[in-house]
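In case it helps, the numbering used here puts the sequence shown at residues 1023 to 1556.
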Amino acid sequence: MNIQINQQLVSACQEIKEQTSCDWKTFKQAYHISKMKSTQGERLASLAFLPELQPMPHQKEAAEKVLHEMHGRAILADEVGLGKTIEAGLILKELMIKGLVKKVLILAPSSLIRQWEQEMNQKFFIPARAKHRSYDWTLYEVAVSSIDLAKKSPHQEEILQQDYDMLIVDEAHRLKNSQTKNYQFVKKIKATYCLLLTATPIQNKLDEIYNLVQIVRPGLLGEKKAFKQELKKDPETQEAMKQLIQTSMVRNLRKETQNQWTERNIETIYAQFSDEEQAFYDSIDNKQSNHALTQLTMKRGFCSSREACFQMLAKNQTQHAIDRINELKELPQHAKAIQMMNFVKELGEKCIIFTEYKATQIYLQWVLHQHGLLAVTYNGDFRKSKKQWMLHLFETKADVLITTDAGAEGLNLQHCRNMIHYDLPWNPMKLEQRIGRIHRYGQTRNVQIFYMILKNTVDEKILNLLYDKLDLFEGVVGELDQILSDIGVGNFEDEMKEILSESSSEQEASIKLDNLIEVAKSHQSERKAFNETS
């Protein structure tokens, strides 16, 4: 046994030596790795201390893989709703009961700090404490903080002086740009073990993940310039690089898990503009701009609310914009909003409404209040305390939560089963992320998803072009932007805008979209075939 551990120690030292110049840190990390490897054949010992926790099979497998194959440093990239927090908690608990971890720093968006604190304490009996404005970072062994607070002076200086046993970063896709202060700060934090949690490790380009891997496994992918060059080579070389990335990342997809999920029912609700609204909408083609993309953006805004369109026009101080604003003021209440209000009343249950515009948020809240429905808004601009209060009100009193995509990032809202997409996103991956807020681990009821669509508008065009083709996206939704990047195409939302703005008819746009999907699926099939034969 001594010989085996020594061999592991030598091997681990050799591996870590390439990543740091500090001999003591090399020895310390290698010792931890060898101690983990000496128990590699064991199942998760921590489950014996957590009798009420019933993790799903994929969560246990992810934790075991990170512990036994990745030395406790990994990117947890499960699809939204599959319980990455549970996986991180299992890994942390396992290392704590083995005596390998004591001092921990958890960084998360401010809206998720309370959630992390509660889950660590209630599910894992880990004494996590939220870090607020006091400067003493040695007060708690397990500190939970927002990265925005932690990176500020004097917090940053104190954190960088600490030697943490474990660093956990939630919503880590925010670190994809190595030039940001967030990334540079996290990269400097000293920690033996490190977990980065994100449902979208690659949002637009494959080389974005290089920066995440550099945090958990520095040097694994070589120099960035060389990495980019490798990605431009033949498919075999590209696949080899992707396989290397997989040695530091765990990603489970919902369809691949063995879990029984509740059903997801989808329904479309149609609304119709008033004659005055339809006339204003149609006039955008003639009056707004000769640029098709600008017209498209304005149409999307007006389909959402007068207020969203008003904000767009207010940015332009021309006489034309002022005239258009005056026309907007004369319009009646937005027909789509009234239809939505009536539907929510008939539904008779709590529901979440997603919109792409903050101006629409405020307007919808006003409409609902005018008709006796209590609604709260939630977006990324709110302070942490306000976010927590809004969520508490929604769970205990309010009928409706109106949120933006940025605001709802990372939230667990499985106590609700109804979701209205007031504005349809133009990227199927964004839609899946939204639905994952309620259709996730812990949801016990069938979920109901509703699309709000205005007839004879860009809303209906997107529904016909994109969402009626969702079956064509099967197998590529979660990695659509990555695939498009691989074949030299921009991200999907930009492609949709270009298709719509440059097509002379809906039929032409449909053909272009079909071609784009088929190219993406063909590229994915080639990658899978290579993986199966390699």
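Glycine residues also receive a C-beta, built at the ideal position from the N, C-alpha and C atoms.
This one's a predicted model, so the numbers in the text were calculated from it and none came from an experiment.
Judged by pairs of C-beta atoms under 8 angstroms, the segment 1226 to 1245 does not touch the segment 1126 to 1140, as fewer than three such pairs exist.
Taking all protein chains shown into account, E1299 has 16 or more neighbouring C-beta atoms within 10 Å of its C-beta and is therefore buried. Taking a 10 Å sphere around the C-beta of E1230, we find 16 or more other C-beta atoms and assign the residue as buried. For V1123, DSSP assigns no beta-bridge partner whatsoever.
Under the three-state reduction of DSSP output, T1259 falls in the helix class. The Cβ atoms of K1124 and D1192 do not sit closer than 8 angstroms to each other. By the criterion of a C-beta distance shorter than 7 angstroms, M1320 is surrounded in its chain by I1306, Q1310, C1331, M1334, once the five residues flanking it on both sides are discounted. The way I'd put it, the segment 1095 to 1112 does touch the segment 1262 to 1275; three or more beta-carbon pairs between them come closer than 8 angstroms.
Straight-line spacing of the CA atoms in F1404 and C1438 works out to 22 angstroms. Contiguous beta strand (DSSP E) elements confined to the segment 1217 to 1303 occur at 1286 to 1293, taking only those with 3 or more residues. Of the other Cβ atoms in all chains shown, fewer than 16 fall within 10 Å of the Cβ of R1065; this residue is therefore exposed. For a cut-off of 8 angstroms, the C-beta gap from T1290 to L1485 is around 7 angstroms, short enough to register as a contact. Note on geometry: alpha-carbon atoms of A1110 and E1454 lie some 22 angstroms from one another. In this chain, F1416 is not harboured by any beta strand (DSSP E); it is covered by the alpha helix (DSSP H) spanning 1406 to 1418. Residue pairing by DSSP places D1185 opposite K1212 in a beta bridge.
In the three-state reduction of the DSSP assignment, S1167 falls in the strand class, which pools E and B.
A1084 is classed as buried because its beta carbon has at least 16 other beta carbons within 10 Å across all chains shown. In this structure the segment 1444 to 1463 does not lie against the segment 1395 to 1414, because fewer than three pairs of beta carbons, one per stretch, are closer than 8 angstroms.
In this chain, M1078 is not harboured by any beta strand (DSSP E), its DSSP state being neither H nor E. If you ignore the 5 residues before and after K1115, its C-beta comes within less than 6 angstroms of the C-beta of S1068, F1146, all in its own chain and listed in chain order. In the structure shown, the three-state DSSP call for R1095 is strand.
CA-to-CA, the gap between T1399 and T1425 works out to about 6 angstroms. An exposed status is given to K1210, since fewer than 16 other beta-carbon atoms sit within 10 Å of its beta-carbon. When the alpha-carbon of Q1184 is set against those of N1364, A1165, M1362, the nearest one is in A1165. At a Cβ-Cβ threshold of 8 angstroms, K1254 and Y1232 do not count as neighbours.
Per DSSP, the beta bridge partners of C1373 are V1422. For L1433, same chain residues with a beta-carbon under 6 angstroms away, outside a window of 5 residues either side, are R1459 in chain order. A1194 places its beta carbon 8 angstroms or farther from that of I1181. For D1427, the closest of M1441, K1419, I1442, N1401 by C-alpha to C-alpha distance is N1401.
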